[in-house]
Amino acid sequence: MQKNYNISIFYFLLFSLLLLLSGILLFEENIGLNISAISEYYLGNEEKFIPKKSIYGVLKISLPHIFAFGVFIMVLLHFLLFTHHKDTKELQLLIWLSFISAFFELFSPLLILQGFTLFAPLKLLSFILMELSLVYAIYLLFNSFMGDSKTANS
Amino acid sequence: MRFTLIKNIKKDKSLKPMLNGLFIFMLLFLVADILVKESGFGVSSNQVNITLFGDEENYIDPLSKSLFLEHIHTETFFMMMLLLTLCAVFNRLHQEKRYALLYTNIVMLSALLSILSLGLSYFYSELFISVYIFSFFLWHGFAIFILSSSLWRLNYAKKL
């Protein structure tokens, strides 16, 4: 029974990696993984024929992500409660880091649109931190669940 | 995930109708997904080929990289959430059954294969489109079978 649940979680982690990978490719394709590209994407560039984004346009993209980020991060991290990482400072840090970086990743574009271009590095930093923290959570889960199944088999 | 903790789901007056509702909505989602794909993205090799790479004779543009990645991204999210929930309930309702593990592996692997083969079709070779079509129907078919089996077991099986 436990083995069946572990198998489902194992596949969920593989899907999570695919989700993160497609997210990185999408970010790179649509916005670009550097600060000037992020500023240009939101504030526009006449020479490159890039139109300025509207608040409505940014919110339209953010809206499904607000729900999806919350659910995905919660589901992924709650599996760590079934491992020896439960009640550790590492998990506490991971929870805070994931949710806070996801928050800034979603809402820093609104501040960039208000003219605060210094939030462009924050957008990039929060995206990288969110991806890294989630990849680290996946790594911890892989280690824990694979360790469990080895113990169960022996 | 409370259904994993309750001993007798069949006798639980609240959880049983909730799970029935969940199964019916999941079934509707899977059927609707096939119908929507049939009228849009395509469910045959020829249709998917035209969607991905366009058709000059009929003035259909190929799918842009950005739109393709968006498609893969949203598909992956819905798929992983649906299958995690589905397999958790299925394994709870089919405890001690050896085939439960086999079915979990088949539905998960075919779903993963459908995403990977679609990516390979777009970036590598259109030969992978037929793998995508096969795995798409395999995971949908198995998911519908697993759901129907869980519905039957929840409502009609004598013992869980």
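As they're listed, the protein sequences go chains H and V.
Heads up: the first sequence begins at 246 in our numbering, then just goes up one per residue.
Heads up: the second sequence begins at 3 in our numbering, then just goes up one per residue.
All C-beta atoms, glycine included, are put in the ideal place defined by N, C-alpha and C.
Can you check whether the C-beta of H:F348 is within less than 8 Å of a C-beta belonging to chain V?
Put simply, the CB of H:F348 is far from chain V, with every gap to its CB atoms at 8 Å or more.
Within 10 angstroms of its Cβ, does H:S399 collect 16 or more other Cβ (buried), or is it exposed?
With a pLDDT of 48 at H:S399, under the threshold of 50, the modelled position of this residue cannot be trusted; read the value that follows with caution. With fewer than 16 other Cβ atoms within 10 Å, it is exposed.
For H:F324, which residues from the same chain have a beta carbon less than 7 Å from its beta carbon, with the 5 sequence-adjacent residues on both sides left out?
The beta carbon of H:F324 sits closer than 7 Å to those of I254, L386, all from its chain and outside the five residues before and after it, given in chain order.
Straight-line gap, V:L17 to V:L156 (C-alpha atoms, nearest Å)
Using only the alpha carbons, I get a separation of about 11 Å.
Taking buried to mean at least 16 other C-beta atoms within 10 Å of its own C-beta, is V:W141 buried or exposed?
Result: buried.
Please classify V:N48: does DSSP put it in a helix, a strand, or coil?
Reduced to three states, the DSSP call for V:N48 is helix.
Confirm, please, whether the CB-CB distance from H:S378 to H:S353 is below 8 Å.
No; because the gap between Cβ atoms is not below 8 Å, this pair is not in contact.
Please compile the residues from chain V whose C-beta is within a distance smaller than 7 Å of the C-beta of H:E274.
Neighbours of H:E274 in chain V, taken as residues whose beta carbon is under 7 Å from its own, are K67, S68, L71 in chain order.
For H:S299, tell me which candidate among H:Y287, H:L259, H:E291, H:K293 has the shortest Cα-Cα distance.
Here the closest residue by C-alpha is H:Y287.
CA nearest to the CA of H:F294, picked from H:Y301, H:E285, H:G302
Answer by Cα proximity: H:E285.
Taking C-alpha atoms, which residue in H:I283, H:E292, H:N251 lies nearest to H:L369?
For the options H:I283, H:E292, H:N251, the alpha carbon positioned closest to that of H:L369 is the one of H:I283.
Since V:I62 sits in a beta bridge, which residues does DSSP pair it with?
V:D57, per the DSSP bridge assignment.
Proximity test, Cβ basis, 8 Å: V:A90 and chain H
Contact of V:A90 with chain H is assigned, a C-beta pair being separated by under 8 Å.
Collapsed DSSP secondary structure at H:I276 in the structure displayed
Secondary structure of H:I276 (DSSP, three-state): coil.
With 8 Å as the threshold, decide whether the Cβ of V:I74 is near any Cβ in chain H.
Yes, because at least one Cβ of chain H sits closer than 8 Å to the Cβ of V:I74.
Which residues in the same chain have their Cβ closer than 6 Å to the Cβ of H:T328, if we skip the five residues on either side of it in sequence?
Within the same chain, Cβ atoms closer than 6 Å to the Cβ of H:T328 are found at S389, the five residues on either side in sequence being excluded.
Cα-Cα separation between H:N307 and H:L358, rounded to whole angstroms
Rather than Asn, the amino acid found at residue 307 of chain H in this sequence is Ser. If you take the alpha carbons of H:S307 and H:L358, they lie about 14 Å apart.
Within the region 74–149 of chain V, note down every full alpha helix (DSSP H) run reaching 4 residues or more, in order along the chain.
List check, alpha helix (DSSP H) in window: 100–125.
Could you say which of V:V50, V:H75, V:L24 lies nearest to V:S127 if we only look at CA atoms?
Put simply, of V:V50, V:H75, V:L24 the residue whose alpha carbon is nearest the alpha carbon of V:S127 is V:V50.
H:N290 - DSSP class collapsed to helix/strand/coil
Judged by DSSP in its simplified three-state form, H:N290 adopts strand.
Between V:S152 and H:L266, what straight-line distance do the alpha-carbon atoms span, to the nearest angstrom?
Going by the C-alpha atoms only, they are around 33 Å apart.
For a contact meaning CB atoms closer than 8 Å, what does V:N107 contact in chain H?
Within chain H, the residues near V:N107 are I252.
Can you check whether the C-beta of V:F55 is within less than 8 Å of a C-beta belonging to chain H?
Taking Cβ atoms only, chain H never reaches closer than 8 Å to V:F55, which makes this a no.
Using 8 Å as the limit for Cβ to Cβ distance, is V:M28 near chain H?
Closer than 8 Å: no.
Which residue wins for smallest C-alpha separation from H:P366, given the options H:Y250, H:S281, H:G302?
It is H:S281.
Can you name the start and end residues of the alpha helix (DSSP H) that H:Q337 belongs to?
Bounds of the alpha helix (DSSP H) holding H:Q337 are 334–358.
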